[in-house]
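Take the sequence shown: its letters are residues 18 to 103, numbered as in the working numbering. Ideal Cβ positions, reconstructed from N, Cα and C, are used throughout, including at glycine.
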Amino acid sequence: IQGVREVHHMHVWSLDGTSNMATLHACLDEGVDAHQAVSAVKKRLASEHGISHATVEPEFGQCADDGDEHDHGHEHEAAAYHDHHH
């Protein structure tokens, strides 16, 4: 997507096995209209991946969560059941 450098902190899940949801951070180029970029990301997620609801956090520059990457409320011992990448 033009103006989107990368996405990260992406989590995708389904509560009922049919409707898919996602949250993610989208790193945007300077000067990009954040509303248009978020809209384009949501449209791509829906059309290519069947994600019916997405929360997209636009970012310019450094990730807002840098430094807090392991303060997310679960233990890594569960890694056998939960594949989690940063």
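{"query": "What is the DSSP secondary structure of Leu62, counted as helix, strand or coil?", "result": "helix"}
{"query": "Select from Met38, Leu45, Phe77, Gly34 the residue whose C-alpha is nearest the C-alpha of Leu62.", "result": "Met38"}
{"query": "Apart from the five residues on each side of it in sequence, which residues of its chain come closer than 7 Å, Cβ to Cβ, to Asp82?", "result": "His26"}
{"query": "Let me check one thing: in DSSP terms, what residues is Ser31 bridge-paired to?", "result": "Asn37"}
{"query": "Less than 7 Å between C-beta atoms, sequence neighbours within five positions excluded: which residues of the same chain meet that for Val73?", "result": "Leu41, Ala43, Val55, Val58, Lys59"}
{"query": "Alpha carbon to alpha carbon, what distance is there between Ser31 and Leu45?", "result": "27 Å"}
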